[in-house]
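**Q**
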Amino acid sequence: MGPILGIAVAAAGLAPAPQPKPLSVGTATAVPGRKVYGSLDVPAGIDPGTRIDVAVVQGTKPGPVLAVVSGAHGTEYASIVAVAKLIQALDPAALSGTVILVPLVNVASFEQKVPHVNPVDGKSMNRFYPGKADGTQTERASFLITREVVDKCDHLIDLHGGDLDENLRPYSYWTVTGNQKQDETSRAMVLAFGLDHIIISADRPKDPKASRYLENTASTRGKPSFTAEAGRSGPVDPKDAAVLVTGVQNVMGHLKMLARAAPPVAKPVWVGQIVSATADRDGIFHPSVDRDAHVVKGVKIGAVTDYLNRPLHDVLAPESGIIMFVRALPSLKKGDTLANVGVIAKEPR
Ligand SMILES: [Zn+2]
């Protein structure tokens with residue numbers, strides 16, 4: 000800025016450039032132009048407390064508050080690594096608004112390598128929202144995340160992936176809340192994210208007091224949000240982590256938080272319904288399809304034997320569609336999911 004213009008601005012009495020809104024998440028207080036690290040400290044209650052790490056990255060220009068959360072299931076490693084990488088990759092100088100990043104919600108699951116649940120109380124950490132201050136550890140953590148992350152953001156992205164026992168093809172979910180404006184915003188975010196398979200969730204709870212899922216906790220509070228999954232069966236494929244990192248950056252471009260083009264997915268595959276094949280007995284599972292196979296209802300997708308390899312029964316596709324994930328491990332107990340088939344739907348209007 001030249002000196003003449005500088006005098007003109009001062010003479011006009013213009014306010015200083017607008018800044019992002021002040022924000023604290025747990026022990027982390029945002030500073031414009033900086034990355035700040037802190038934690039959500041879940042106090043001890045009827046079982047032990049825990050600490051969930053959080054990073055808050057704030058730009059120097061105003062913009063939305065985006066929350067990015069992963070590791071509700073602590074062995075869905077690609078998503079956890081993706082959010083950790085995002086913390087490193089985000090440059091506050093290039094950012095408008097604020098990003099809240101929580102890479103690992105379920106610390107005990109990660110440390111002990113226990114899939115699906117928090118081993119402290121045996122509960123899934125994506126089923127007990129909005130949580131309870133006097134519940135078990137999962138419920139207290141969910142209560143704190145609702146208050147500190149959901150209530151303080153404008154948008155939320157919850158990242159998951161195939162768990163230790165899931166051979167999963169990447170996909171996003173688009174939740175239909177019935178609020179047309181909100182649903183258009185979340186749909187545009189999902190399309191900007193970039194995964195081309197999108198499950199339409201039309202049956203999520205509408206009651207914010209019984210929202211169950213994290214994304215749904217944000218959506219029922221009027222914040223356009225979504226869930227995406229990539230990664231499978233333990234080891235992190237760098238390509239899976241990369242699509243999640245790029246996807247979040249694309250959404251940030253779409254929300255004008257980054258100067259970045261984010262065109263919508265050209266030809267999304269919409270999945271209208273998920274039909275599960277479930278184990279009706281214990282045994283060894285032998286899959287005969289890979290993730291992403293296109294199957295016809297009734298075709299063989301695997302077999303179950305006893306521990307002496309005597310055949311018990313074939314597993315048949317419960318519906319025609321895409322294998323969204325198939326069981327990745329031989330271990331099988333009654334009630335386990337063998338495969339999820341996604342039934343292709345027309346593009347929603
Ligand atoms: Zn998960």
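Heads up: the sequence shown begins at 0 in numbering that gives the first Met the number 0, then just goes up one per residue. Glycine is no exception: its CB is placed at the ideal position from the N, C-alpha and C atoms. No experiment lies behind these values; they were computed from the predicted model shown.
1. Say the cut is 7 Å; is the CB of N215 nearer than that to a heavy atom of ligand 1?
2. Going straight from the alpha carbon of E138 to that of K122, what length do you get?
3. Relative to the C-alpha of S95, which residue among G32, P42, A302 and V80 is closest?
4. Between the beta-carbon of P234 and the beta-carbon of D162, is there less than 8 Å?
5. Is there contact between the stretch 223-241 and the stretch 149-164, where contact requires at least three CB pairs shorter than 8 Å?
6. Three Cβ pairs or more, each shorter than 8 Å: is that satisfied between the stretch 318-336 and the stretch 290-306?
7. Assign G1 to one of two classes, buried (16 or more other C-beta atoms within 10 Å of its C-beta) or exposed (fewer than that).
8. Consult DSSP for G5 and reduce its assignment to one of helix, strand or coil.
9. Any chance the CB of D162 is under 7 Å from a heavy atom of ligand 1?
10. How about A71: is its Cβ closer than 7 Å to a heavy atom in ligand 1?
11. Short of 7 Å in beta carbon distance, which residues of its chain neighbour A201, apart from the five on each side in sequence? Order them along the chain.
12. So, using beta-carbon positions, are V148 and V82 closer together than 8 Å?
13. Ordered along the chain, which non-local residues of its own chain (more than five positions away) have a Cβ less than 7 Å from that of F192?
14. Going by DSSP, name the residue or residues bridged to E318.
15. Taking E318 as the reference, which of K332, N339 and N308 has the closest Cα?
16. So, for A77: in the same chain, excluding its five sequence neighbours on each side, which residues have a beta-carbon less than 6 Å away from its beta-carbon?
17. Nearer than 7 Å: is that true of the beta carbon of N125 relative to any heavy atom of ligand 1?
18. Where P267 and F225 are concerned, what is the direct C-alpha to C-alpha distance, given to the nearest angstrom?
19. Straight-line CA distance for K205 to T219?
20. Are the beta-carbon atoms of Q57 and A29 separated by less than 8 Å?
21. Who are the Cβ neighbours of T184 in its own chain at under 6 Å, not counting the five residues just before and after it?
22. Check each candidate in I198, T216, S275 and D305 and name the one with the smallest Cα separation from W269.
23. Under the rule that 16 or more other beta-carbon atoms within 10 Å means buried, what is A7, buried or exposed?
24. For Q111, which residues of its own chain have a beta-carbon under 7 Å away from its beta-carbon, when the five flanking residues on both sides are left out?
25. As an exercise, report each continuous alpha helix (DSSP H) stretch of at least 4 residues that is fully enclosed by the stretch 149-231, in chain order.
26. State the start and end residues of the unbroken beta strand (DSSP E) segment that holds H253.
27. Quick one, which of L155, P15 and W173 has its alpha-carbon nearest I99's?
**A** Judging by the given coordinates:
1. Against the sequence shown, residue 215 aligns to sequence position 216. Remark: the shortest separation between the CB of N215 and any heavy atom of ligand 1 does not fall under 7 Å.
2. On the sequence shown, residue 138 is found 139 positions in, with the first residue counted as 1. On the sequence shown, residue 122 is found 123 positions in, with the first residue counted as 1. The C-alpha of K122 is placed about 9 Å away from the C-alpha of E138.
3. For the purposes of this step, residue 95 is identified with residue 96 of the sequence shown, where counting begins at 1. Here the closest residue by C-alpha is G32.
4. Counted from its first residue, the sequence shown places residue 234 at position 235. Counted from its first residue, the sequence shown places residue 162 at position 163. Not a contact, by the Cβ cut-off of 8 Å.
5. The way I'd put it, the stretch 223-241 does touch the stretch 149-164; three or more beta-carbon pairs between them come closer than 8 Å.
6. A contact between stretches requires three or more CB pairs, one per stretch, nearer than 8 Å, and the stretch 318-336 meets this requirement with the stretch 290-306.
7. Locating residue 1 in the sequence shown gives position 2, counting from the first residue. Low per-residue confidence applies at G1: pLDDT is 43, beneath 50, and the placement is therefore not dependable, though the value from the model is reported in the following sentence. G1 comes out exposed.
8. Position 6 of the sequence shown, counted from the first residue, corresponds to residue 5. Reliability of the predicted coordinates at G5 is poor, the pLDDT of 43 falling under 50, and no value is obtained from them.
9. Working through the sequence shown from its first residue, we reach residue 162 at position 163. Yes, the beta carbon of D162 sits closer than 7 Å to at least one heavy atom of ligand 1.
10. Within the sequence shown, residue 71 is the residue found at index 72, counting from 1. Yes, the beta carbon of A71 sits closer than 7 Å to at least one heavy atom of ligand 1.
11. Within the sequence shown, numbered from 1, the residue matching residue 201 stands at position 202. V175.
12. Position 149 of the sequence shown holds residue 148. Position 83 of the sequence shown holds residue 82. For V148 and V82, no; Cβs fall outside 8 Å.
13. Your numbering for residue 192 matches position 193 in the sequence shown. If the five residues before and after F192 are omitted, its C-beta is found closer than 7 Å to the C-beta atoms of S171, A227, G246, N249 and V250, all from its own chain and listed in chain order.
14. In the sequence shown, the residue the question calls residue 318 occupies position 319. Answer by DSSP bridge pairing: none, since E318 is not bridged.
15. Numbered from 1 along the sequence shown, position 319 holds the residue referred to as residue 318. Measuring from the Cα of E318, the nearest candidate turns out to be N339.
16. The count along the sequence shown starts at 1 and reaches residue 77 at position 78. Once the five neighbours on either side are set aside, the close Cβ partners of A77 are G160, A229, G230, V235, D239 and A240.
17. Position 126 of the sequence shown, counting from 1, holds the residue named residue 125. Residue side-chain check: N125 places its Cβ nearer than 7 Å to a non-hydrogen atom of ligand 1.
18. One-based indexing of the sequence shown puts residue 267 at position 268. One-based indexing of the sequence shown puts residue 225 at position 226. Going by C-alpha positions, P267 is about 16 Å away from F225.
19. Counting from one through the sequence shown, the residue named residue 205 turns up at place 206. Counting from one through the sequence shown, the residue named residue 219 turns up at place 220. Computed Cα separation, rounded: 6 Å.
20. For the purposes of this step, residue 57 is taken as the residue at position 58 of the sequence shown. For the purposes of this step, residue 29 is taken as the residue at position 30 of the sequence shown. Cβ atoms of Q57 and A29: closer than 8 Å.
21. For the purposes of this step, residue 184 is taken as the residue at position 185 of the sequence shown. Only P223 meet the Cβ criterion.
22. One-based indexing of the sequence shown puts residue 269 at position 270. Distances from the CA of W269 to each of I198, T216, S275 and D305 were compared; the closest alpha carbon is that of I198.
23. Here residue 7 refers to the residue found at position 8 of the sequence shown. In this prediction, A7 scores a pLDDT of 45, lower than 50, which makes its location untrustworthy; the coordinate-derived value is nonetheless stated afterwards. Exposed, since its Cβ has fewer than 16 Cβ neighbours within 10 Å.
24. Here residue 111 corresponds to residue number 112 of the sequence shown, with the count starting at 1. Closer than 7 Å at the Cβ level, and outside the excluded window around Q111, lie P118.
25. You should have 179-192 and 213-218.
26. In the sequence shown, residue 253 corresponds to position 254, counting from 1. Premise fails: H253 lies in the alpha helix (DSSP H), P237 to H253, not in any beta strand (DSSP E).
27. Looking up residue 99 in the sequence shown gives position 100. When only C-alpha atoms are compared, the closest one is L155.
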